[in-house]
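**Student:** Sequence positions in the sequence shown follow the working numbering and run 57 to 413.
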Amino acid sequence: MNQSDMVRSEHEPLVETIDVKTHFKTARGIARAVDGVSIQIRRGQSLGVVGESGSGKTVLSRSIMGLLPRNGVIREGSVRYQGQEIGNRSDKEMQSIWGREMAMIFQDPMTSLNPVMKVGKQISESLRKNLGMSSSEALAVAEKLLHDVRIPEPARRLNQYPHELSGGMRQRVMIAIAMACGPNMLFADEPTTALDVTVQAQILELLSEQKRDRNMSLLLVTHNLGVVAGYTDEIAVMYGGKVVEKAPTKTLFANTKMPYTEALLSSIPRLDQPSHSRLSTIPGRPPDIVHPPKGCRFAPRCAYVRDLCLNEEPELQQADSPDHTYRCFYPVGSPEYLERRVELTRKGELVASEGSN
Ligand SMILES: Nc1ncnc2c1ncn2[C@@H]1O[C@H](COP(=O)(O)OP(=O)(O)OP(=O)(O)O)[C@@H](O)[C@H]1O
Ligand SMILES: [Mg+2]
């Protein structure tokens, strides 16, 4: 890498999306799963992508990776990797990027691991294909990778099948496979949902350790803001295919602007509760992405909704700093928000949406 490349890579994002719109053809019409998303991730940085089920987190990751289902397409916008356009490249063109440059830990380890192939072979195949290693070289590296992801007795595990491992261990195998070729960018899609709290924390520690040691960038997808809090530099909150608030992690918690983010924050499961239980969920249903509502997509569920919200879509606003943006006409702390909050508190209606127990 020459000096000008180095200067460029320090300041320019490793991965960038500019106004990406990903559409699916469905029997009901066009589903706008990702609807104008712009994000940037610099080298060694981690971005958390948070939102309820169906908000577009997986589709966004898959759009960047070039791994969309057949009925999906990036209809508009740009996906860039190291400044190069990679949106809508063919699978053949993406082969040189997958594994070595960008890798993904998929949402469901049981369906993403091959049930009839030994763990060692699953890891070593990618090393042989992408890095041209011999079988014995690749198996030795696979054993080291299993050791790195803290799987006990790695040599023995190489000869086991996925069903012989616990859920936590399968998740670690997925991480080992993703890390095998030393990617610059790792997408981790809900890497901990199915695991108990202690294992969740171990997996997240492992990911951030790998990120630190290799100066890797990380996009961490989850529906739980509590999970990403300690492990990300920045957070993007998605709702109905759009990023509705984005900020450095501390700022997002300290200076929340969107009532939706506030509602997500109040629905964080507590550490002393079983991991699947929730203190509260946000009342109402996520928007229909085939026929989205006219104004703000969260308006029909928002406790602070006013007429304007139902009729006009809010543009992206800048908060106190340029790295904090949100889409809301009456953000948390605004006079209209406070007025409504007093009203709701007086009527005793804040309980359901604010999640106090
Ligand atoms: N192949 C597909 N065909 C049609 N619609 C799809 C397809 N894949 C995803 N979608 C739709 O796109 C939207 C976004 O889905 P996505 O999987 O990105 O959600 P998510 O935020 O990852 O949710 P979860 O937390 O449940 O994983 C959803 O409404 C989903 O139904
Ligand atoms: Mg998903």
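The C-beta atom is built at its ideal place from N, Cα and C for all residues, glycine as well.
1. By the 10 Å Cβ neighbour count, where 16 or more other Cβ atoms means buried, how is Pro208 classified, buried or exposed?
2. Who are the Cβ neighbours of Tyr217 in its own chain at under 8 angstroms, not counting the five residues just before and after it?
3. Helix, strand or coil: how does DSSP classify Tyr393 here?
4. Just the Cα atoms here: how many angstroms apart are Thr381 and Pro247?
5. So, Arg184 versus Val205, is the Cβ gap smaller than 8 angstroms?
6. Less than 8 angstroms between the beta carbons of Phe243 and Ser117, yes or no?
7. With DSSP as the reference, please indicate the residues paired to Glu141 in a beta bridge.
8. Starting from Lys267 and walking both ways along the alpha helix (DSSP H), at which residues does that stretch end?
9. Do Lys298 and ligand 2 come close, with the Cβ less than 7 angstroms from some heavy atom?
10. Count the other CB atoms within 10 Å of the CB of Thr305; is the residue buried (16 or more) or exposed (fewer)?
11. What does DSSP give as the partner residue(s) for Lys200 in the beta ladder?
12. How many angstroms separate the CA atom of Phe354 from the CA atom of His219?
13. Can Ser134 and Thr73 be called in contact, C-beta distance under 8 angstroms?
14. Identify which residue in Lys81, Ala375, Asp91 and Pro239 has its Cα closest to the Cα of Leu187.
15. How big is the Cα-Cα spacing for His67 and Arg212?
16. Quick one: does the C-beta of Phe80 sit closer than 7 angstroms to a heavy atom of ligand 1?
17. Excluding the 5 residues flanking Ile233 on each side, which residues of the same chain have their C-beta closer than 7 angstroms to its C-beta?
18. What residue range does the beta strand (DSSP E) around Asp245 cover?
19. Assign Gln266 to buried or exposed, taking buried as 16 or more other Cβ atoms, counted over all protein chains shown, within 10 Å of its Cβ.
20. Considering only residues of the same chain and omitting the five flanking positions on each side of Glu369, which have a CB-CB separation below 7 angstroms?
21. Please confirm if Arg145 has its CB atom under 8 angstroms from at least one CB of chain B.
22. Quick one: grab the DSSP three-state call for Arg228.
23. I need the straight-line Cα distance from Tyr386 to Phe80, nearest angstrom please.
24. Shortest alpha-carbon distance to Leu123 belongs to which of Ile95, Ile86, Ile97 and Ile161?
**Tutor:** Here's the rundown:
1. exposed
2. Pro171, Val172, Met173, Lys174 and Val175
3. helix
4. 27 angstroms
5. no
6. yes
7. Arg136
8. Val253 to Arg270
9. no
10. Counting every other CB atom within 10 Å of its CB across the protein chains shown gives Thr305 a total of 16 or more, marking it as buried.
11. DSSP output for Lys200 lists no bridge partner at all.
12. 41 angstroms
13. yes
14. Restricting attention to Lys81, Ala375, Asp91 and Pro239, the CA atom closest to the CA of Leu187 is found in Pro239.
15. Approximately 44 angstroms between the Cα atoms of the pair.
16. Yes, since a heavy atom of ligand 1 falls inside the 7 angstroms radius drawn around the Cβ of Phe80.
17. Contacts found: Gln178, Ile179 and Ser182.
18. Run containing Asp245: Met241 to Asp245, per the beta strand (DSSP E) assignment.
19. Result: buried.
20. Gly351 and Cys352, listed in sequence order.
21. Protein chains in the displayed structure number just one, and chain B is not present.
22. helix
23. Taking the CA atoms as reference points, Tyr386 sits about 32 angstroms from Phe80.
24. Ile161
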